[in-house]
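Below is one structure; the comments refer to it alone.
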């Protein structure tokens, strides 16, 4: 088995379509199919189920995908470190893909204050990243939920105020609004793809608001904006990710409690200098400016 087998398998597993995976890799489809068959024969396990209409991972294939990603990430990180011996590298896992202004500010601050620091970002679901953290494939996780275990610790990285995006049909008012005053049904985060955000937002809403929520769920920024633009629902996002457009209005949420928390999880008992720099920079944003201005008045 060679490294190309791992790269080919990861491409097929992520695309679940041989033609798309071949195009992504820049090779023809028949050789790709042969390489995957050779890989399965070599390890003696079926990794993919195939029909004329669909391709999906076997249980063994799901496990092998996690391991292959970790191996390739370790290799890439090692090569980068050898090519840049004067650089400090920290490998950060990011869950749910909703990095807003606090994270961007940290990256900018790192560039200015620590020019030799390189932050390598990996996006996966939280469960997979907890396994990667335990195996040493990444150094820390940022996620909108805690992931503390017997071997890891979670601490608050930052908090950010929420804002609501409303259809244009609700008017052009962009003043702060209380959650209880929003009478448009909410579209909520998909609990499978955005579990941390889903839990935090769900806890802020009243039982009536949850019951009235749209039956659809969003798993990305593009989806929530498209659904709000339809004119039938409203959505809640961290304020730095909520923007007004020709199809929607953005209004900050007044309630003091209407915030989203992001947590940093790291291995217990380890002290990595580059990660300590990141934590120090994040601590400057833990009480982020967007927390100011909230109130619980009428």
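Numbering (this note's numbering), first residue to last: 272 to 569.
Backbone N, C-alpha and C define an ideal beta-carbon position, used for all residues, glycine too.
Per DSSP, residue 425 is one residue of the beta strand (DSSP E) stretching across 423 to 438.
Rounded to whole angstroms, the gap between the alpha carbons of residue 389 and residue 402 is 23 Å.
If you draw a straight line from the Cα of residue 502 to the Cα of residue 437, it is about 8 Å long. Around residue 363, the same chain offers 390, 391, 392, 393, 409, 410, 411, 412, 413, 549 as residues with beta carbons nearer than 8 Å, after the five sequence neighbours per side are excluded.
Here residue 495 is buried. Its C-beta has 16 or more other C-beta atoms within 10 Å.
Under the criterion of beta carbons closer than 8 Å, residue 444 and residue 522 qualify as touching, at roughly 7 Å. Taking the Cα positions, residue 499 is about 15 Å away from residue 483. When DSSP states are grouped into helix, strand and coil, residue 554 belongs to the helix group. For residue 506, the secondary structure class from DSSP, reduced to helix, strand or coil, is strand.
Between the region 290 to 305 and the region 329 to 349 there are fewer than three inter-stretch CB-CB distances shorter than 8 Å, so the stretches are not counted as touching.
Here residue 458 carries a coil assignment [DSSP, helix/strand/coil]. Excluding five sequence positions before and after residue 368, the CB atoms of its chain that fall closer than 7 Å to its own CB belong to 394, given in chain order. For residue 447, the secondary structure class from DSSP, reduced to helix, strand or coil, is coil. Residue 529 places its beta carbon 8 Å or farther from that of residue 459.
Looking at the backbone, the Cα of residue 315 and that of residue 360 are separated by about 37 Å.
By the Cβ rule, the region 370 to 384 does not count as touching the region 316 to 330, because fewer than three pairs are nearer than 8 Å. One alpha carbon belongs to residue 382, the other to residue 375, and they sit about 11 Å apart. Residue 414: member of the beta strand (DSSP E) spanning 411 to 414, first to last residue. Distance from the CA of residue 526 to the CA of residue 476, rounded to the nearest whole angstrom, comes to 11 Å. Sequence-distant partners of residue 512 (beyond 5 residues in either direction) whose C-beta falls short of 7 Å from its own C-beta, in its chain, are 369, 371, 492.
In the displayed model, residue 320 falls within a strand according to three-state DSSP.
The beta carbon of residue 552 sits closer than 7 Å to the beta carbons of 377, 380, 381 from its chain, once the five residues preceding and following it are set aside; these are given in chain order. DSSP, read as helix, strand or coil, puts residue 466 in helix. For residue 393, the secondary structure class from DSSP, reduced to helix, strand or coil, is strand. Rounded to the nearest whole angstrom, the C-alpha separation of residue 536 and residue 331 is 28 Å. Per the C-alpha coordinates, the member of 509, 283, 435 positioned closest to residue 533 is 509.
Bounds of any alpha helix (DSSP H) do not take in residue 516, whose DSSP letter is neither H nor E.
The Cβ atoms of residue 336 and residue 284 lie closer than 8 Å to each other. When DSSP reads this structure, residue 537 sits in a beta bridge with 411, 424. DSSP places residue 337 in the helix class (H, G or I) of the three-state scheme.
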